[in-house]
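Here is the structure we will look at.
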Amino acid sequence: MLAALTTVPVAAALIALPAQAATSSGPACPAPTRAELKGTETDTPPKGAKALRGVRVRHLPKGFTNGSVSAMKHDGITEYGYTWSDNRDDLDRAHRSLWVRVVCWPKASKLAQLRKLPVDLGTFTNTEGAVRLGGRTVLKKEGDGALGHGRYVGWVERKGVVVTVMVSQPLVPELATIVKGIKL
């Protein structure tokens, strides 16, 4: 009888927990809110290290004056990112910008799959290969075209979750620290 009484509260507590709370890794992939999917406003001043819900950027360089959320759903994936930047023109080599994006792509499980990442901006088709950076193995490429000047990296954080980071040329020396400080 005593055993039955002790198992009822334990079972009730286990059933009451949501599935995500039962795991230490958290939700499968950070997702934008409906407002973020619709919004296009610029934040002045920019949001801080928690600008993306479910993502923490623990090393955020100084000097940013603007920020904006980018979020969209297409082709079975969800892209969710935030861009920090200063007031300089994008073509100015002193322009400072940082773009952190999470791509919820169910097929992602290995780094090599990033070459087939189904996004329009920031593909990894022509990369310099895999390197260790900030304690992670990432694909790396130089920024060009729509990405602007600087360096672009990406990795599979866990199955179904890809993280990409683009920094402008003045922030390249801080890229390893930025990558190391990103936590989902």
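According to mature numbering (1 follows the signal peptide of the UniProt record, and there is no 0), the stretch in the sequence shown is residues -21 to -1, 1 to 163, in order.
Where is the CB? At the ideal position from N, CA and C, for every residue including glycine.
Expressed to the nearest angstrom, what Euclidean distance is found between the alpha-carbon atoms of residue i and residue j?
i, j, result
"R115", "E15", "29 Å"
"K138", "K86", "8 Å"
"K29", "V158", "15 Å"
"N66", "T102", "26 Å"
"A7", "R37", "20 Å"
"Q148", "G33", "27 Å"
"A1", "Q92", "Because the pLDDT at A1 is just 29, under 50, the model does not fix this residue reliably, and the value given afterwards should be weighed accordingly. If you take the alpha carbons of A1 and Q92, they lie about 29 Å apart."
"R72", "R130", "13 Å"
"E20", "I56", "23 Å"
"L118", "W84", "17 Å"
Looking at the unbroken alpha helix (DSSP H) that takes in residue i, where does it start and where does it end?
i, result
"K159", "L154 to K159"
"A14", "R13 to K17"
Nearest to residue i by alpha carbon, out of the options?
i, options, result
"N105", "F43, R111 and V132", "V132"
"G27", "E20, F43 and R13", "F43"
"L126", "G18, A10 and L77", "L77"
"L112", "W84, L154, G60 and N45", "L154"
"I161", "G108, L150, R80 and R94", "R80"
Can you name the start and end residues of the beta strand (DSSP E) that residue i belongs to?
i, result
"L118", "R115 to E121"
"E136", "R130 to R137"
"L112", "A109 to L112"
Name the one or two DSSP bridge partners that residue i has.
i, result
"A50", "Y59"
"L77", "W63 and V146"
"C83", "T57 and V140"
"N45", "S64"
"D69", "DSSP output for D69 lists no bridge partner at all."
Please confirm if residue i has its CB atom under 8 Å from at least one CB of chain D.
i, result
"K138", "In summary, chain D is missing from the structure at hand, where a single protein chain is found."
- Message: Tell me whether the segment 121 to 128 and the segment 43 to 54 touch, counting them as touching only if at least three CB pairs, one residue from each stretch, are closer than 8 Å.
- Response: Verdict: no, contact absent.
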